[in-house]
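Asker: Each residue of the sequence shown is one higher than the one before, counting from 234 in the numbering used here.
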Amino acid sequence: MILPGLLYLALALLVCTLLLIGFHTRRFCQRCDYCGRFYWWIGWGAFEWTSPEYDYWAMRCKFCQWLMRQLPTLPEP
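1. Cys-294: buried (16+ other C-beta within 10 angstroms of its C-beta) or exposed?
2. Spatial neighbours of Cys-297 within its chain, please: C-beta separation below 7 angstroms, excluding the five flanking residues on both sides.
3. State the DSSP-derived secondary structure class of Tyr-272, mapped to helix, strand or coil.
4. Distance, Cα to Cα, Pro-310 vs Arg-270?
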């Protein structure tokens, strides 16, 4: 009767340890490629995956997306 309880406790400790390691190493964070700030992982919908030159994929947070919409578009050289 004690063995199942110990197994559940060991499993819970393992999960908690993995979560703490993930938060400590920022494995659950996303980094904005424009401002460089880390954001806790809230889903892919918060990020835009296109660079301004359309030559590579980049992540842009909501604030940087808003800022790019406020800036006037630059003419092509």
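C-beta atoms are modelled at their ideal positions from N, C-alpha and C, and glycine is treated no differently.
Answerer: By the coordinates alone:
1. buried
2. Once the five neighbours on either side are set aside, the close Cβ partners of Cys-297 are Cys-265, Tyr-267, Cys-268.
3. For Tyr-272, the secondary structure class from DSSP, reduced to helix, strand or coil, is strand.
4. Residue confidence is low: Pro-310 scores 48 on pLDDT, short of 50, so the model does not pin down where it sits. Its coordinate-derived value is still stated next. When rounded, the distance between both Cα atoms is 31 angstroms.
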